[in-house]
Amino acid sequence: MATVGLYGIAFGLVDQDQKLITGTGKGLGTDGLYVVGRADLGGKTANITGLSGTPVKKYGFNRVQAVDIPQAEPSVALDINDLNFQVKQQIKGMINDQKGGYTDQGIQAHVAMLITTQTLDRMHFVYYGFGDGILSESGANLQTDTNAQQDVDDNLTYTALTTDAFGGAAYKLYSDLDSNFDKAHMYSEVFGGYVLPTPPAGGSSSTTSSTTTPTTH
9 MATVGLYGIA FGLVDQDQKL ITGTGKGLGT DGLYVVGRAD LGGKTANITG
59 LSGTPVKKYG FNRVQAVDIP QAEPSVALDI NDLNFQVKQQ IKGMINDQKG
109 GYTDQGIQAH VAMLITTQTL DRMHFVYYGF GDGILSESGA NLQTDTNAQQ
159 DVDDNLTYTA LTTDAFGGAA YKLYSDLDSN FDKAHMYSEV FGGYVLPTPP
209 AGGSSSTTSS TTTPTTH
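When the sequence shown is numbered by our numbering, its final residue is 225 and no position is left out of the sequence of numbers.
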């Protein structure tokens, strides 16, 4: 099955038990989720690698008898155009001195993440869920403006950790192509107990809010 485009990215901070952290000043907003939206100018890429381990051949009697495939160790290279400054520091684990300064004191923030793409006909959705992981930023390539503006995107690397809700796996794949797909259950699994808001009668499950109701569909 092929997919097309990058439809959405959502983040949530989780605690040591992989439960969603909520509340202003603690989590990423009152309900604990931050959905990358129009205020962030959207995301460019989410390059996911390591979805399966490198196969290791087992030899016996001068031939290959079996193949062991180690557990997946996914990482995601994210390119977001203009990620909210405070949210970016929170998901990187930066410490706020409450005076406008942020320092790296080696305290890692644990982050759950949901990435959404679509099928080629754009009629269905495919989701990559990560229940726990660490985000890092390796550098910032600042350049002088010339006759053109030189933007520096927010480039972050997400390293996935194993997730209890996934049976110890590092990621989980979801899609509404499956007749048993349960969107609310997916959000609860990925974001450690998050309760997906029920859309109003006659309304849509997608909104334009970038801080509360998920827009990743």
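The C-beta atom is built at its ideal place from N, Cα and C for all residues, glycine as well.
- Shown here, R130 sits in coil according to DSSP, grouped into three states, outside any helix or strand.
- DSSP, read as helix, strand or coil, puts I99 in helix.
- Boundaries of the alpha helix (DSSP H) harbouring V198: 191–198, taken from the DSSP string.
- When only Cα atoms are considered, A173 and D162 end up about 29 Å apart.
- In this structure, M102 is the residue among V119, M102, T171 with its C-alpha nearest to the C-alpha of T111.
- Here DSSP, grouped into helix, strand and coil, assigns Q113 to coil.
- The beta carbon of L143 sits closer than 6 Å to those of I99, K100, V119, L164, Y166, all from its chain and outside the five residues before and after it, given in chain order.
- Looking at N89, H132, D23, D39, the one whose alpha-carbon comes closest to that of A10 is H132.
- About 16 Å separates the Cβ atoms of A74 and S60, ruling out a contact at the 8 Å cut-off.
- In this structure, D39 keeps its C-beta atom at 9 Å or more from the C-beta atom of I88.
- In this structure, the beta-carbon distance from F199 to G20 falls below 9 Å.
- Taking the C-beta atoms as reference points, G108 is found no nearer than 9 Å to G51.
- The three-state reading of DSSP puts D87 in strand, counting E and B together.
- Within a 10 Å sphere around the beta-carbon of A168 sit 16 or more other beta-carbons, which makes this residue buried.
- Rounded to whole angstroms, the separation of the alpha carbons of M194 and S83 is 20 Å.
- Distance from the CA atom of M121 to the CA atom of G147, rounded to whole angstroms, is 22 Å.
- Taken in chain order, the whole beta strand (DSSP E) runs of length 3 or more contained in the stretch 134–178 are 141–144, 162–168.
- For Q26, the three-state secondary structure derived from DSSP is coil.
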